Each structure stands twice: as structure tokens, then as C-alpha cells.
Amino acid sequence: MAAEAPDPKTFGSWEEAFQYPVPAVRGMERQLRRDIDSNREKLRTLVGASYRDLLGTAESIIEMGGQMHDLETYMGEISKRCNTRILDKKASNLRTWTEEVGAPNTERYSFASQLAVLRSCPDVISRLFKSGGSVLLAAKVLVISRLLHTKLSQRRNPPPFLDDLRNRLASLRRRLLGRIDRRLKSLEISRDVLVEAMCAFSLATSSSPKDVIRHYHHMRLEAISENMSQDGDGHDNVLLALRLYVKTLKDTQAVIPTQLARALERLKLVPLFKSQDVYSLIELNLDVHERWIGDDIRTFTPYIRHDDLTKAEAERSLKQWAKSAFGSFLAGLRNRIEDVEDPERLVDLRRQVLELWLSNHQHSTGVDSAETLDGLRHVFNLQSTRLIQSRASKLDRVGLIVKNVLQNWQAGVSDLTPSLWDSSMTSMEFENGGKSFRERLASRFTGKNEPLNKVSLEYVSFS
Numbered sequence: 142m143a144a145e146a147p148d149p150k151t152f153g154s155w156e157e158a159f160q161y162p163v164p165a166v167r168g169m170e171r172q173l174r175r176d177i178d179s180n181r182e183k184l185r186t187l188v189g190a191s192y193r194d195l196l197g198t199a200e201s202i203i204e205m206g207g208q209m210h211d212l213e214t215y216m217g218e219i220s221k222r223c224n225t226r227i228l229d230k231k232a233s234n235l236r237t238w239t240e241e242v243g244a245p246n247t248e249r250y251s252f253a254s255q256l257a258v259l260r261s262c263p264d265v266i267s268r269l270f271k272s273g274g275s276v277l278l279a280a281k282v283l284v285i286s287r288l289l290h291t292k293l294s295q296r297r298n299p300p301p302f303l304d305d306l307r308n309r310l311a312s313l314r315r316r317l318l319g320r321i322d323r324r325l326k327s328l329e330i331s332r333d334v335l336v337e338a339m340c341a342f343s344l345a346t347s348s349s350p351k352d353v354i355r356h357y358h359h360m361r362l363e364a365i366s367e368n369m370s371q372d373g374d375g376h377d378n379v380l381l382a383l384r385l386y387v388k389t390l391k392d393t394q395a396v397i398p399t400q401l402a403r404a405l406e407r408l409k410l411v412p413l414f415k416s417q418d419v420y421s422l423i424e425l426n427l428d429v430h431e432r433w434i435g436d437d438i439r440t441f442t443p444y445i446r447h448d449d450l451t452k453a454e455a456e457r458s459l460k461q462w463a464k465s466a467f468g469s470f471l472a473g474l475r476n477r478i479e480d481v482e483d484p485e486r487l488v489d490l491r492r493q494v495l496e497l498w499l500s501n502h503q504h505s506t507g508v509d510s511a512e513t514l515d516g517l518r519h520v521f522n523l524q525s526t527r528l529i530q531s532r533a534s535k536l537d538r539v540g541l542i543v544k545n546v547l548q549n550w551q552a553g554v555s556d557l558t559p560s561l562w563d564s565s566m567t568s569m570e571f572e573n574g575g576k577s578f579r580e581r582l583a584s585r586f587t588g589k590n591e592p593l594n595k596v597s598l599e600y601v602s603f604s
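The numbers in my numbering rise by one with no breaks, and the one at position 94 of the sequence shown is 235.
In C-alpha cells, the structure reads:
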């Protein structure tokens, strides 16, 4: 078996190849030639691929050169047109066009849009009133309408019907304030609705938080006085007035100043014209008219000092109101129970009033609960004392009549009982169903004479 041909790649020098037999040398020659041919093909392939890549790179360079040339041309044209003289000329031409062509159209469109929005505002507010909508949204629309009315009134020739719109807006403003006042007086109002009503009042009247809390307390005091002055002898109005007093104490401590200040601050974050609830009103068509409304109206944000009421000032204001309101409640309570002559009804009212206060006094921070309780007890004790004295005076009168009858008693005369068949009985008239006849008949049948009748009637009136 012939030996395998050696691998020429392992030789260190060319002399080592001739140390093998001639056939082995020829085999190594053929192998070397095959390797040379293979390497030549590989090199030719690599050179071809590299050449194609070089051609692509060259084409890209040529294309980029053209683009750079175009860019330089465009930049040159732009630089020629951006000199000061040409820019001044363009600005001058724009002003001329605006004055001679664009201004009349802009003014006409602006007038039409402002007037259209203004005429829709009263309808929106009226619809909100009828549907029981948000008073805050109505206040926002009212403020926008006032801005539009002021803007249109400043024109050289204002429309003649602006006066009618002004009168209608003034009427709607009074109705809005009336609705706000009714909500502030309501016992069933939630705190969120209360804060909304306060913000609406602040927006409609440009009031600060101090003015808002002053007005809120005034409305609650007025509601308490109205309930205490209503006609009738029932207990419901008295208890309702006391509930209003207690709820005002709780709501003031919970809402003022933190919640009210935050709500007023939110009103200033977004211009009224851009607020979502106003912009979504279909009647105003703000998406159409917005571009023609002046910037002073579109960017108007109410200026409200939301932080001018500190917690200490709020507590001091609440204490002053609580003292005044409780004094008014006690005065009304004193007048209401003056006509109560039934001790049982008086005691029942006293129990309900004291239970209502004692179940809520722990939430009335800043109010002296003991002083309030003493005031309520004092009013009821005064009326109870008056009732007892009145009853005692009647009992004294019964005793005086009994004493007088006994002093004037004559045996055989005072104890004489008239006969049932006396002529004075048979000749009596029977008007009014014979009431007098029946009473006299019952008295004579039971053995009562004139002295005994006097004592009996006085005792009945006492009891």
C-alpha cells in the first residue's frame, strides 16, 4: 500500500519536498497547483465584489454632491430674500393689505360673532335655570356675556338692542343670585354643591372669600330668622332653625378656607372661554365663533383673591356669627313658646331641642357648648315658670271663690236646690239646640246651686 502524500503546507522550507520519492513530489506539485487555482478564483471573486461596492459608493458620492449643490442654491436664494430691506417691505405690504382689504372683513366677522354669542347667552342661562343646571356654569356664561356687552358697547355705532340685552342680563343676574341664595339657605345642600354655589356667587359679584363667607352666614342667619318667625304652633320650624344653625357650624369648619380656596383657584387655571363646560355649550357655537372673538375675552381669567382668608380669620368670623345667630334663635324661640300654655307640649319641645343640640355639640368647634345649653335651658325654664305661676294664680282664685262662698253661706238658703219643675225652667227658650236649658237641667239634677256652680266653673278653668 502506497504511503500517503505529505502536505506541503507543513514544510518549513522547499528543500524538504525533495526528500520524498518522485511520485510523492509530483503529487505535491499537483496539490499546489490546485490550491493556486482555488486561491486565484477566490481573489477574483473578492476583487469583483469590492469593485461593485466601490462603484455604489462612488454613485452615492456623486448623488450627495448634487444634493449639496441644490441645497447651496436654495440657501443662497433664501439668504437673498431674508435681508432687512425685503423683510421691511413685506411687513409694510402686510399692514397695507390689512388696513385696506383685511380689516373691514375682520371687523365685520368679529362683530357678527360677538353679537351671536352675546344673544345666545341669555337663552343658555334661562335653560340652565329651567333644567336646574349648575349655578356656577350660569355664572360663567353671565361673566362672558358682560364682557361681550362691554366690548360691543364701545363701538362707534353700537346696536340699539344692546340696552334690551343689558336689561335682560341684569334680570338674569338677579335670578341667579336668588337661586344661589336659596341654595345657601337650604338644609339639604351637600358640601360640594355648597362650594359650587359659593364660587358662583364670587364669580357673579366679583367677591373675595371674605365677602363670600359673610354673605353665606347672612343667608343662614336670615333662614334661621324666617323659620323662627313663621306662623304656627308646631315644633318643626324650631327644630329646622336649630338644624340650620348646627349645619352652618359644621359646613363652615369643613369648607372654609381650604375647600373654597382650592375651588376658586381652579377657576383661575383656565380662561372662562376655554373651560370645558362653557366650550361644550351647543347654543354658543364657540368652535365657530372662537377665532373672531377678541383675545381680551378669549383669555379672560377672573381675578379672585382665593388666599385672602386665613384659618384664624375664618374661625373668628364663625364665632361672631355663631353668637349672633344663637341670639337670634333664642329670641325667636322665646317668642314662639310664649303662647304655649300646655306644659306637656312645652316639655316635649324642650326635650327635642336639647336632644338635637346634645347630639351635635361635639362637632361645633369654637362654640361654647355649655353656654349654648344654658341659654336653651334658661328660655324653657322661664316659660315653665310663667306657666306654673299662671296655674298657681288660677288656683288662688279658686281658693278665694271657695272662701267667699263659705263666708256668705247661709244654712237653708245657700244649700237650697231649685226644683226641676220650677217655672224658670219651663219658660226657658231653646235656641242653639237648647244648650242653656240642658246645662241648667244638669246642674239642678246633680244638686248644684249658684254658689256651687261658681266654684265648679272656676275649678274647671284651672284644670
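Note that beta-carbon positions come from the ideal geometry of N, C-alpha and C, so glycine has one too.
All figures in this text were calculated on a predicted structure; none of them were measured in a lab.
Neighbourhood of residue i by C-beta, 6 Å cutoff - its chain only, sequence neighbours within 5 removed
i      : result
Met369 : Ala382 and Gly473
Leu277 : Glu337, Cys340 and Ala341
His358 : Trp462
Gln400 : Val336
Thr393 : Leu459
Asn501 : Val387
Whole-angstrom distance between residue j and residue i, CA atom to CA atom
i      : j      : result
Asn476 : Gly468 : 12 Å
Ala389 : Arg314 : First, the residue type needs correcting, since residue 389 is Thr and not Ala in the sequence shown. Approximately 26 Å between the Cα atoms of the pair.
Lys281 : Ala453 : 31 Å
Ala279 : Ile478 : 43 Å
Met209 : Pro149 : 57 Å
Asp489 : His290 : 58 Å
Arg407 : Ile445 : 11 Å
Ile423 : Arg268 : 12 Å
Ser331 : Arg432 : 39 Å
Asp211 : Gly189 : 33 Å
Gln371 : Trp498 : 21 Å
Ser191 : Leu228 : 53 Å
Leu310 : Leu495 : 47 Å
Asp304 : Ser294 : 9 Å
Ser366 : Lys326 : 11 Å
Leu173 : Asp194 : 32 Å
Ser465 : Asn378 : 19 Å
Ala143 : Ile177 : Its pLDDT being 49, under 50, Ala143 is placed unreliably in this model, and the value from its coordinates should be taken loosely. Rounded to whole angstroms, Ala143 to Ile177 spans 26 Å at the Cα level.
Leu187 : Thr225 : 59 Å
Leu317 : Glu512 : 39 Å
Ser179 : Gly197 : 28 Å
Environment of residue i [buried if 16+ CB atoms lie within 10 Å]
i      : result
Val284 : buried
Glu157 : exposed
Pro350 : buried
Tyr386 : buried
Arg361 : buried
Ala364 : buried
Cys223 : exposed
Ser261 : buried
Ala199 : exposed
Ser312 : exposed
Ile219 : exposed
His519 : exposed
Leu184 : exposed
Sequence-distant residues of the same chain with beta carbon closer than 7 Å to residue i, five excluded per side
i      : result
Phe441 : Leu288, Pro412, Leu413 and Phe414
His430 : Ser254, Ala257 and Val258
Ala404 : Val336 and Cys340
Tyr161 : Pro147
Asp418 : Leu278
Arg491 : Phe521
Ser510 : His502
Leu328 : Leu381, Arg384, Leu385 and Lys388
The ligand SAH heavy atom lying under 7 Å from the CB of residue i
i      : result
Ala199 : Of the ligands one can find in the structure shown there are none, so the ligand SAH has no counterpart to examine.
Cutoff 8 Å; reference residue i; Cβ partners in own chain excluding five residues on either side
i      : result
Gly516 : Phe467 and Leu471
Gly435 : Ser251, Gln255 and Lys292
Ser154 : none
Asp449 : Ser349, Pro350 and Lys351
Thr451 : Pro398
Leu101 : This structure cannot speak to residue 101, because the chain is shown only from 142 to 604.
Pro299 : Leu293
Pro263 : Ser286, Leu306, Arg309, Leu310 and Leu313
Glu152 : What sits at residue 152 in the sequence shown is Phe, not Glu. Counting only Cβ-Cβ distances below 8 Å, and skipping sequence neighbours, we find Ala158.
Gly274 : Arg268
Contiguous alpha helix (DSSP H) assignments of at least 4 residues, all confined to the stretch 274-348 | Within the stretch 274-348, the runs of alpha helix (DSSP H) at least 4 residues long that lie entirely inside it are, in chain order, 276-294, 303-326 and 332-346.
Cβ pair count under 8 Å reaching 3, the stretch 311-326 against the stretch 341-354 | Segments in contact, yes.
Where in the stretch 413-461 do unbroken runs of the beta strand (DSSP E), each at least 3 residues long, occur, reported from the N-terminal end onward?
-> Considered as a whole, the stretch 413-461 harbours no complete run of any beta strand (DSSP E) with no fewer than 3 residues.
Which parts of the stretch 500-533 are runs of the alpha helix (DSSP H), unbroken and 4 residues or longer, counting only runs that do not cross its ends?
-> For the stretch 500-533, not a single whole alpha helix (DSSP H) run of length 4 or above is found.
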